[in-house]
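For what it's worth, the working numbering labels the leading residue of the sequence shown as 740, then goes sequentially. Think of the CB as a built atom: it goes at the ideal place given N, C-alpha and C, for glycine as much as any other residue. Written below as structure tokens is the structure these notes are about.
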Amino acid sequence: MAQIPPSLQDLINRFNQAQAQLQSVLLRKQQYEAELREVEKAIAEIERLSPDARIFKNVGNFLVPQSRDAALQELKDRKELLELHVKTLSRQESMLREQIDKLRDEINKELARLKGGAAEAAKGGG
Numbered sequence: 740m741a742q743i744p745p746s747l748q749d750l751i752n753r754f755n756q757a758q759a760q761l762q763s764v765l766l767r768k769q770q771y772e773a774e775l776r777e778v779e780k781a782i783a784e785i786e787r788l789s790p791d792a793r794i795f796k797n798v799g800n801f802l803v804p805q806s807r808d809a810a811l812q813e814l815k816d817r818k819e820l821l822e823l824h825v826k827t828l829s830r831q832e833s834m835l836r837e838q839i840d841k842l843r844d845e846i847n848k849e850l851a852r853l854k855g856g857a858a859e860a861a862k863g864g865g
């Protein structure tokens, strides 16, 4: 069996690395989206409460009282940060998908070139 040329092996390695990076990005994006949904639910619940409602924040093993407005502001800030993370990861996802598509095309071209060369060698050796 023929040895894989170093140029093809390099393309395959880069392809595998890009796929691993994409999986990592997708996992982090999924985690941020889940947290974002939780934050949005919490904001909706707190907004339904009266302005003088007692709210408690979980800090380690303790529940600490917090004003409704402070809790809302903290959640809205967290929501903004999470949305920024999701947007950044979506851009990374797009770039990685493009990179993977280009690498896939390069690998297929290299394989076709190698198959063509092997077919030519087989014909010539006839």
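Span of the alpha helix (DSSP H) around residue i
| i | result |
| --- | --- |
| N755 | 745 to 787 |
Exposure of residue i, with buried meaning 16 or more beta-carbon neighbours within 10 Å
| i | result |
| --- | --- |
| M740 | Since pLDDT at M740 reaches only 45, below the 50 mark, its modelled position is unreliable, and the value read off the structure follows with that caveat. Answer is exposed; the Cβ neighbour count stays below 16. |
| V778 | buried |
| A810 | buried |
| V764 | buried |
| L802 | exposed |
| L835 | buried |
Residue from the options with nearest C-alpha to residue i
| i | options | result |
| --- | --- | --- |
| R787 | F801, D808, G799, Q770 | D808 |
| S806 | D791, S829, D816 | D791 |
| L842 | Q756, N800, A810, R776 | Q756 |
| R776 | R817, L766, R793, L828 | R817 |
| E772 | D844, E813, L823 | L823 |
Between the stretch 778 to 798 and the stretch 749 to 763, do three or more beta carbon pairs fall short of 8 Å?
-> no
Alpha helix (DSSP H) segments (min. 4 residues) lying fully within the stretch 786 to 865 = 807 to 864
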